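Let me begin by presenting the structure, written as structure tokens, before commenting on it.
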Amino acid sequence: MGVIWEPRLDAAAAGWRERARTATVRQFAPLAAEIDRDQRYPHESIPVLVESGLCGMFLPVEHGGGGASLTALTAAAEEVAKGCATTAAIISTYQLGAFPILLEGSDAQKRTYLGALARGRSISFALSEQGSGSDAAALATTAVREGAGWRLRGEKFWIGNGGISRFYVVFAKTEPAAGAHGISAFVVDKEKPGVVVDHYSDKMGIRGTRTSNLKLDTLVGPEDLVGTEHRGLRLAFRTLDVGRVVVAAQALGIALAAYEAARDRALARRAFGQPIVDFQGIAFQLADVATTVSAARMMMYEAARAYDAGESVTTIGAMAKLHATEVAHRAVDIAVQIWGGEGYCRPSLVERLYRDQRITEVYEGTSEIQRLVVGRAIKAEAEALAKVA
Ligand SMILES: Cc1cc2nc3c(=O)[nH]c(=O)nc-3n(C[C@H](O)[C@H](O)[C@H](O)COP(=O)(O)OP(=O)(O)OC[C@H]3O[C@@H](n4cnc5c(N)ncnc54)[C@H](O)[C@@H]3O)c2cc1C
10 MGVIWEPRLD AAAAGWRERA RTATVRQFAP LAAEIDRDQR YPHESIPVLV ESGLCGMFLP
70 VEHGGGGASL TALTAAAEEV AKGCATTAAI ISTYQLGAFP ILLEGSDAQK RTYLGALARG
130 RSISFALSEQ GSGSDAAALA TTAVREGAGW RLRGEKFWIG NGGISRFYVV FAKTEPAAGA
190 HGISAFVVDK EKPGVVVDHY SDKMGIRGTR TSNLKLDTLV GPEDLVGTEH RGLRLAFRTL
250 DVGRVVVAAQ ALGIALAAYE AARDRALARR AFGQPIVDFQ GIAFQLADVA TTVSAARMMM
310 YEAARAYDAG ESVTTIGAMA KLHATEVAHR AVDIAVQIWG GEGYCRPSLV ERLYRDQRIT
370 EVYEGTSEIQ RLVVGRAIKA EAEALAKVA
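Okay, so the sequence shown: first residue is 10 according to the numbering used here, each after it adds one.
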């Protein structure tokens with residue numbers, strides 16, 4: 010048994026993790042440094058994601074997916090992130106785009122988009138805008154009734170797999186006066202007139218992923234509405250509840266890679282006549298990383314277990330993301346420190362991990378937003394207790 014806590018996975022989840030490990034060792038990890046350096050989307054990895062079943066593993070079998078649990082998805086995402094954070098982020102994009110349709114899409118939408126996703130054709134999740142990231146209810150894109158459908162006008166920002174995906178789940182205001190209760194979700198085809206994907210972001214980390222903007226002045230039909238009209242923001246939040254657990258897995262995969270790199274370096278590197286791991290100052294840092302990564306993994310796997318058991322994960326998922334991403338932040342920082350000058354200079358594994366980790370504290374809700382979610386739960390609990398008393 011290793012120092013870091015390991016989840017006890019059931020046979021199915023362990024199988025998915027093994028598949029992820031095999032594909033990572035064979036395909037994703039060997040490309041990680043190059044796609045980061047060249048900021049290049051790893052097109053050649055998509056067939057491997059399809060063949061291994063990883064891209065659609067979380068979809069029901071009837072839609073061509075693997076019928077995997079969230080526990081299995083987090084185990085696989087963690088394993089992939091350990092070898093290539095970009096590929097793990099791409100898997101997250103698949104999940105994020107698919108979940109609105111999986112949760113509330115019509116049968117026709119499920120047949121059309123989920124089957125394609127299992128074959129490697131991603132759908133993107135388009136909620137954020139320049140003026141509304143954390144404050145999603147403030148989004149400005151509108152969907153105004155035109156004929157039997159709606160005209161969508163606005164611009165979405167920072168869309169994962171933007172330009173790679175043909176289809177986008179776009180959130181737009183159908184009832185502007187109703188605020189958070191007047192937003193609806195629509196599937197938009199980028200090949201339609203009035204849809205333009207542009208501005209590819211030049212990012213600090215996960216540089217092999219594609220992040221772009223989506224300009225809209227286009228018509229969608231009634232068949233493109235996902236879920237219930239005006240209830241789109243609730244659908245976005247239900248999707249993010251799951252996504253946050255997957256981002257926690259990304260962060261922990263990166264943290265595990267950083268821990269192992271720091272541990273191995275601390276044994277191999279000598280200073281003052283001894284391996285630096287024999288300095289208490291170094292061993293204590295590694296001990297803190299091993300302890301906090303273990304604790305964060307326990308929390309993440311508990312969040313995944315809760316979801317698989319049909320429980321709400323709004324609070325535990327927010328906690329898992331918050332804790333895992335902040336633990337990972339510290340882990341990559343310590344890894345760079347233990348690697349010294351070599352850790353700071355390119356090409357260095359820990360330098361890349363340092364940059365790749367940072368996004369996990371920003372997307373799918375910043376750390377402050379996770380604290381806000383947990384804070385709201387605390388207030389609701391306090392109010393409920395006060396009523397009983
Ligand atoms: C690489 C990348 C990929 C992304 N992928 C997607 C995607 O696929 N789809 C998508 O829709 N979006 C995506 N995003 C957008 C991402 O989700 C947002 O950037 C994120 O939610 C933060 O929003 P913001 O950037 O507008 O920051 P802001 O909301 O402007 O926040 C700025 C700062 O203020 C803080 N803050 C805001 N409100 C509060 C508050 N109430 N209390 C305390 N602090 C607060 C924030 O925590 C943050 O530190 C992506 C972003 C990046 C960089």
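Note that beta-carbon positions come from the ideal geometry of N, C-alpha and C, so glycine has one too. Remember, predicted model here, so these are calculated numbers, not experimental data.
Within a 10 Å sphere around the beta-carbon of Ile387 sit fewer than 16 other beta-carbons, which makes this residue exposed. Secondary structure at Gly241: helix, using DSSP grouped into helix, strand and coil. With distances taken between CA atoms, Gly158 lies nearest to Phe195 out of Cys64, Gly349, Phe195, Ala395. For Asn222, the shortest separation between its Cβ and any heavy atom of ligand 1 does not lie below 8 angstroms. Looking at the backbone, the Cα of Phe134 and that of Lys165 are separated by about 10 angstroms. For Ala194, the pairing in a beta bridge is given by DSSP as Phe180, Val235.
For Ala152, the enclosing beta strand (DSSP E) begins and ends at 151-155.
At a threshold of 8 angstroms, Ser137 counts as near ligand 1, since its beta carbon sits closer than that to one of the ligand's heavy atoms. Bounds of the beta strand (DSSP E) holding Phe134 are 132-135.
Straight through space, the alpha carbons of Leu68 and Gly75 are spaced by roughly 6 angstroms.
With contact defined as three or more Cβ pairs closer than 8 angstroms, the stretch 271-283 and the stretch 203-210 are not in contact. DSSP, read as helix, strand or coil, puts Ser143 in coil. The residue among Ala146, Arg154, Leu223, Asp144 with its C-alpha nearest the C-alpha of Val178 is Leu223. At least one heavy atom of ligand 1 lies less than 8 angstroms from the C-beta of Ser133.
The closest CA to that of Ala187, considering only Glu238, Glu155, Arg175, is found on Glu238. A contact between stretches requires three or more CB pairs, one per stretch, nearer than 8 angstroms, and the stretch 256-267 meets this requirement with the stretch 93-103. Going by beta carbons, Asp365 and Asp47 fall outside the 9 angstroms limit.
Excluding its 5 nearest sequence neighbours in each direction, Val256 has C-beta neighbours in its own chain below 6 angstroms: Lys330, Thr369, Glu373, listed in chain order.
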